[in-house]
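S.K.: Have a look at this one.
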Amino acid sequence: MVLSVRRRIADIARAEPDRTALVGFDTRLAEQVLSWREFGERVADAAGALRAALNPGTRSCAVVPAGNTLPAAIGIAAALTAEVPVFPLNPATPQAEQDALLRLLGRRFAHGYLMDAQLRPQRIDLSAGPEPPADAGAVAYLLATGASTGIPKISARPGPLRYDPAWTPSLVIRQTGWRTGQRQLIVGPLYHTAPFTTFLDAVLDGNTVVLQPLFSPQWTVELVRRYAIDWLQLTPTHMREILRSPELDPACFASLRTMLHTAARCDADTKRGWIDLLGPERVYELYGATEGVGVTLVRGDEWLARPGTVGRGFLTQIRILDDTGNLVPPGTTGTVFMRTPQRVGRSDYVNDQAIRTTPDGFATVGDHGRLDRDGYLYLEPRDHDIINVGGEKVDPDEVEAALRDHPAVVDAVAVAVPHQTLGSVVGAHVVLRPGASVRKAELAAHCGRRLAGYKIPKQFTFVDQVPRSAAGKIQRWRLAPHHENGATAP
Amino acid sequence: MTVPQTSQISDVLSAHPAVLHAQTTIVRHDGQDVAIAAAELKEYVSGPILRNHVRQELGEDSGLAGVLIVEQMPMADGAVDLEYLAAAVAQSRCTLFEEPADDVERRVAAIWSAQMDVRPIGVNDDFLELGGDSLSALGIIADIETEFGRSLDVFEFMSAASVRRLAEILR
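Chains A and B, in that order, give the protein sequences.
Quick note: the first sequence, position 313, residue 313 per our numbering, numbers continuous.
Quick note: the second sequence, position 28, residue 28 per our numbering, numbers continuous.
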């Protein structure tokens, strides 16, 4: 039976009032626990306050500063309960980017209601420009995307959100060993797509959710062990750092049925490290765009048979097309187009940057890749990331993986550096392990043992951290020579 | 076969809410004359769905074999470009309606029809283009396991995607 969010939360709270709904940590990192009864009550109160604040007849949305805190989790659930479109905002967004995002929201909404830490709605006037289009459909939630290109985009998911036992969670998530009522740890921030959507599924499917407020690899491992976590979603950055934590004990993961990774390309060493740690049957990878174009899934054992693949389309058809829109044969690289059932609500953009589609319903977000004969998809780096060294193409991922392989290196980004004769050469921004030191010549020699000459970085810059989005995607645009610390105005 | 009323077919298609305009014509394919429509869309709808819509409005003997979705109506000398449509049909870019050829195809088509509440189902029709979703996929997989006593996973099912290819796996 299809239920509203309000009804579904009330039903779970009535059926299992004393079971834990949420575990969070306050600013002093003291544990806070809410039972389903308490969670249900606080969501209902906040939803009531939000509804009371609304101006009838004015298109409004809720803005929730979405760190991994109990107020953020309650605020998101409350907005969905009140059936007010909710936008989870990265609380650390620089002012210029935040202004750009609010301007985008203003294209569709006249008022925003910022849910503060006490869950009191504070009105923000969004619309300085023309009235939002009257024919825009109902929206469940809005998510900021486009982190790796530097141009903020907001994707809107049609709504209102409903609980449907056949659809919650989606079939692909259920395929990863998801169980109703499971214990889930959320490591990634709630303002990012994957943690946000798995949080919604968790609430609607009666999970016990543990919210890790800030990432520290040892703490993640400890939380998995202490709360006997069943299901966990990570990014490749989380995975790398956890593998590097000292005295990593596989026994800490005994309860874990699933580690699902998404959001960014995972290098082969990290992937193998986790397959060794958990066994191939517990490692899943999902590739899919925020825009709901389609999705692929691969389990560790399939990946071992086809290293580097992101899997087969899950209820998704994949076509690789060349620049003129013609189908290319297996093994040939082109643009990845996908098609998935129409009934799955396809997101649209608040901006004008619509996804590219074909007349027969295939769509792309611009990723490049190829299929093998059995339909397994392999992704290639996006064109704008490739470093062109005098005509030789360098995949920055390969250089970064080589650098991270050095014992002194925690993280690295490879970028194009202008060069007089070659056009560009490879430069590297390197983060060293705390207390470690290494000479640039040694890093170059280390790369030389792993990479062809033109791929070896000719310039090294030591930095405190690499700019990454919450999803773990490297924000190369932040390293561009003339980048100003702000967003491109829409 | 009844002589297809191409202008009637075009009118029915053009009246569909998702269609901007449509043109119907006869092309030669495999030694036969088949009626093919080209449709320019306002919003996405698939060829098989439009074909079934015409069959519903004009009856099964409407004679329409397939609808090709085009980005822009292909024109030549002020009329719809016959060569373009013939080439699209020859390259299988336009799904042509075909009845099940044997018992396995008939049983598979009947399962699809029941689970998706769509009829008729041509053996070359694509599951997603007929409006299939994850629920109907699961229903079809379960019914096929019961009917044919063979287990089928969702990846196998999606890579087959048509009654004909699914029947090949099951035979």
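Beta carbons are placed, not taken as given, at the ideal position from N, Cα and C, and that holds for glycine.
Small disclaimer: the values here were computed from a predicted structure and weren't measured.
By the DSSP assignment, the alpha helix (DSSP H) with Asp103 (chain B) in it spans what residues?
M.R.: As a first step, residue 103 (chain B) must be located in the second sequence, where it is residue number 103. Asp103 (chain B) -> alpha helix (DSSP H) spans 103-116.
S.K.: Would DSSP call Asp116 (chain A) helix, strand or coil?
M.R.: Taking the first sequence and counting its residues from 1, one reaches residue 116 (chain A) at position 116. Asp116 (chain A) falls in the coil class under three-state DSSP.
S.K.: Which same chain residues end up closer than 8 Å to His368 (chain A) when comparing Cβ atoms and leaving out the 5 residues on each side of it in sequence?
M.R.: Residue numbering aside, residue 368 (chain A) sits at position 368 when the first sequence is read from its first letter. So the qualifying residues of the chain are Thr333, Gly334, Thr335, Val336, Leu379, Glu380, Pro381, Arg382, Asp383.
S.K.: Determine the chain A residues that contact Tyr84 (chain B) at a beta-carbon separation under 9 Å, and present them in chain order.
M.R.: In the second sequence, residue 84 (chain B) corresponds to position 84, counting from 1. The contacting residues do not exist; Tyr84 (chain B) stays about 13 Å from chain A at best.
S.K.: Kindly indicate if chain B contains any beta-carbon less than 8 Å away from that of Leu171 (chain A).
M.R.: Within the first sequence, residue 171 (chain A) is the residue found at index 171, counting from 1. Chain B, which has a Cβ nearer than 8 Å to the Cβ of Leu171 (chain A), makes this yes.
S.K.: Leaving out the 5 sequence neighbours to the left and right, which residues in its chain are closer than 7 Å to Thr357 (chain A) when beta-carbon positions are compared?
M.R.: For the purposes of this step, residue 357 (chain A) is taken as the residue at position 357 of the first sequence. Contacts found: Ala363.
S.K.: Quick one: what's Val209 (chain A) bridged to in DSSP?
M.R.: Indexing the first sequence from 1 puts residue 209 (chain A) at position 209. Answer by DSSP bridge pairing, in chain order: A:Leu22, A:Gln184.
S.K.: Using a Cβ cut-off of 8 Å (strictly closer), state whether Leu256 (chain A) contacts chain B.
M.R.: For the purposes of this step, residue 256 (chain A) is taken as the residue at position 256 of the first sequence. Answer no: the Cβ-Cβ gap between Leu256 (chain A) and chain B never drops below 8 Å.
S.K.: Please identify the residue among A:Asp205, A:Trp178, A:Leu104 whose C-alpha is closest to the C-alpha of Ala10 (chain A).
M.R.: The residue you call residue 10 (chain A) lines up with position 10 of the first sequence. Minimum Cα distance to Ala10 (chain A) is reached at A:Asp205.
S.K.: At the level of alpha carbons, what is the spacing between Ala53 (chain A) and Ile124 (chain A)?
M.R.: Working through the first sequence from its first residue, we reach residue 53 (chain A) at position 53. Working through the first sequence from its first residue, we reach residue 124 (chain A) at position 124. Straight-line Cα distance between these residues: approximately 12 Å.
S.K.: Where DSSP assigns a beta bridge to Pro88 (chain A), which residues make up the other side?
M.R.: Counting from 1 along the first sequence, the entry for residue 88 (chain A) is found at position 88. DSSP lists A:Val64 as partners of Pro88 (chain A).
S.K.: Do Val210 (chain A) and Leu248 (chain A) come within 8 Å of each other at the CB atom, strictly closer than that value?
M.R.: Numbered from its first residue, the first sequence carries residue 248 (chain A) at position 248. Numbered from its first residue, the first sequence carries residue 210 (chain A) at position 210. It is not a contact, given that the beta carbons lie outside the stated cut-off.
S.K.: Using 10 angstroms around the beta-carbon of Ala21 (chain A), count the other beta-carbons present and answer buried if the total reaches 16, otherwise exposed.
M.R.: Within the first sequence, residue 21 (chain A) is the residue found at index 21, counting from 1. Classification for Ala21 (chain A): buried.
S.K.: Which stretch, first to last residue, makes up the alpha helix (DSSP H) that contains Lys271 (chain A)?
M.R.: Looking up residue 271 (chain A) in the first sequence gives position 271. Where Lys271 (chain A) is concerned, the enclosing alpha helix (DSSP H) stretches over 268-278.
S.K.: Mind checking which residues open and close the beta strand (DSSP E) that includes Pro158 (chain A)?
M.R.: Locating residue 158 (chain A) in the first sequence gives position 158, where the first residue counts as 1. First-last of the beta strand (DSSP E) with Pro158 (chain A): 153-158.
S.K.: Beta strand (DSSP E) containing Phe462 (chain A): first to last residue?
M.R.: The count along the first sequence starts at 1 and reaches residue 462 (chain A) at position 462. 459-462 is the span of the beta strand (DSSP E), which, as asked, contains Phe462 (chain A).
S.K.: Measure the alpha-carbon distance for Asn52 (chain B) versus Pro120 (chain B) and round it to whole angstroms.
M.R.: Locating residue 52 (chain B) in the second sequence gives position 52, where the first residue counts as 1. Locating residue 120 (chain B) in the second sequence gives position 120, where the first residue counts as 1. Taking the straight line from one Cα to the other gives about 7 Å.
S.K.: Leaving out five residues before and five after Ala13 (chain A) in sequence, what residues of the same chain have Cβ atoms less than 6 Å from its Cβ?
M.R.: Locating residue 13 (chain A) in the first sequence gives position 13, where the first residue counts as 1. Once the five neighbours on either side are set aside, the close Cβ partners of Ala13 (chain A) are Trp36, Arg37, Gly40.
S.K.: Identify, in the order they occur along the chain, each residue of the same chain with its Cβ nearer than 8 Å to the Cβ of Leu432 (chain A), setting aside the five sequence neighbours on each side.
M.R.: Working through the first sequence from its first residue, we reach residue 432 (chain A) at position 432. Within the same chain, Leu432 (chain A) has close Cβ partners Ala408, Val409, Val410, Val438, Phe462.
S.K.: To the nearest angstrom, report how far apart Leu50 (chain B) and Ala100 (chain A) are at their CA atoms.
M.R.: Residue 50 (chain B) sits at position 50 when you count from the first residue of the second sequence. Residue 100 (chain A) sits at position 100 when you count from the first residue of the first sequence. Cα to Cα, Leu50 (chain B) sits roughly 42 Å from Ala100 (chain A).
S.K.: Can you tell me where the alpha helix (DSSP H) holding His29 (chain B) begins and where it ends?
M.R.: In the second sequence, counting from the first residue as 1, residue 29 (chain B) sits at position 29. Here His29 (chain B) belongs to no alpha helix (DSSP H); instead the beta strand (DSSP E) covers 19-29.
S.K.: Any residues in the stretch 14-43 of chain B with a beta carbon nearer than 8 Å to a beta carbon of chain A? Which ones, in chain order?
M.R.: Here the close residues are Leu41.
S.K.: Measure the C-alpha to C-alpha separation of Thr146 (chain B) and Asp102 (chain B) and round it to an integer number of angstroms.
M.R.: Walking along the second sequence from the start, residue 146 (chain B) turns up at place 146. Walking along the second sequence from the start, residue 102 (chain B) turns up at place 102. Near 19 Å, if we compare the C-alpha coordinates of Asp102 (chain B) and Thr146 (chain B).
S.K.: Quick test of the definition: if touching needs 3 or more C-beta pairs under 8 Å, does the stretch 413-420 of chain A touch the stretch 370-378 of chain A?
M.R.: Taking 8 Å as the limit for Cβ pairs, the verdict is that the stretch 370-378 of chain A does not touch the stretch 413-420 of chain A.
S.K.: Kindly identify the DSSP beta-bridge partner or partners of Arg339 (chain A).
M.R.: As a first step, residue 339 (chain A) must be located in the first sequence, where it is residue number 339. Looking at the DSSP assignment, Arg339 (chain A) forms a beta bridge with A:Gln317.
S.K.: Return yes when the Cβ of Gln8 (chain B) is within less than 8 Å of the Cβ of Leu58 (chain B), no when it is not.
M.R.: Position 58 of the second sequence holds residue 58 (chain B). Position 8 of the second sequence holds residue 8 (chain B). It is a contact, given that the beta carbons lie within the stated cut-off.
S.K.: Is DSSP giving Asp125 (chain A) helix, strand or coil here?
M.R.: Numbered from 1 along the first sequence, position 125 holds the residue referred to as residue 125 (chain A). Residue state, collapsed to three classes: strand.
S.K.: For Cys252 (chain A), which residues in the same chain have their Cβ closer than 7 Å to its Cβ, ignoring the five residues on either side in sequence?
M.R.: As a position in the first sequence, residue 252 (chain A) is number 252, starting the count at 1. Excluding sequence neighbours, Cys252 (chain A) sits near Val221, Val224, Arg225.
S.K.: Leaving out five residues before and five after Ala167 (chain B) in sequence, what residues of the same chain have Cβ atoms less than 7 Å from its Cβ?
M.R.: One-based indexing of the second sequence puts residue 167 (chain B) at position 167. Only Val104, Glu105, Val108 meet the Cβ criterion.
S.K.: Alpha carbon to alpha carbon, how far is Ala428 (chain A) from Ala445 (chain A)?
M.R.: In the first sequence, the residue the question calls residue 428 (chain A) occupies position 428. In the first sequence, the residue the question calls residue 445 (chain A) occupies position 445. C-alpha separation (whole angstroms): 14 Å.
S.K.: Quick test of the definition: if touching needs 3 or more C-beta pairs under 8 Å, does the stretch 12-21 of chain B touch the stretch 79-99 of chain B?
M.R.: Short answer: they don't touch.
S.K.: Taking C-beta pairs closer than 8 Å, name the residues in chain B that Asp360 (chain A) reaches, listed in chain order.
M.R.: The residue labelled residue 360 (chain A) in the question sits at position 360 within the first sequence. Chain B residues near Asp360 (chain A): Ser46, Gly47, Ile69, Glu129.
S.K.: Work out the CA separation of Arg468 (chain A) and Asp405 (chain A) for me, nearest whole Å.
M.R.: By 1-based counting over the first sequence, the position of residue 405 (chain A) is 405. By 1-based counting over the first sequence, the position of residue 468 (chain A) is 468. Cα to Cα, Asp405 (chain A) sits roughly 19 Å from Arg468 (chain A).
S.K.: Using the rule of at least 16 other Cβ atoms within 10 Å of the residue's Cβ for burial, across every protein chain shown, is Gly31 (chain B) buried or exposed?
M.R.: Stepping through the second sequence from its first residue, residue 31 (chain B) is reached at position 31. Per the 10 Å Cβ criterion, exposed.
S.K.: Name, going along the chain, the residues of the stretch 154-165 of chain B whose beta-carbon falls closer than 8 Å to a beta-carbon of chain C.
M.R.: Of the protein chains in this structure, namely A and B, none is chain C.
S.K.: Sort A:Cys266, A:Glu285, A:Leu161 by Cα distance to Val298 (chain A) and report the nearest one.
M.R.: Numbered from its first residue, the first sequence carries residue 298 (chain A) at position 298. Ranking A:Cys266, A:Glu285, A:Leu161 by Cα distance to Val298 (chain A) puts A:Glu285 first.
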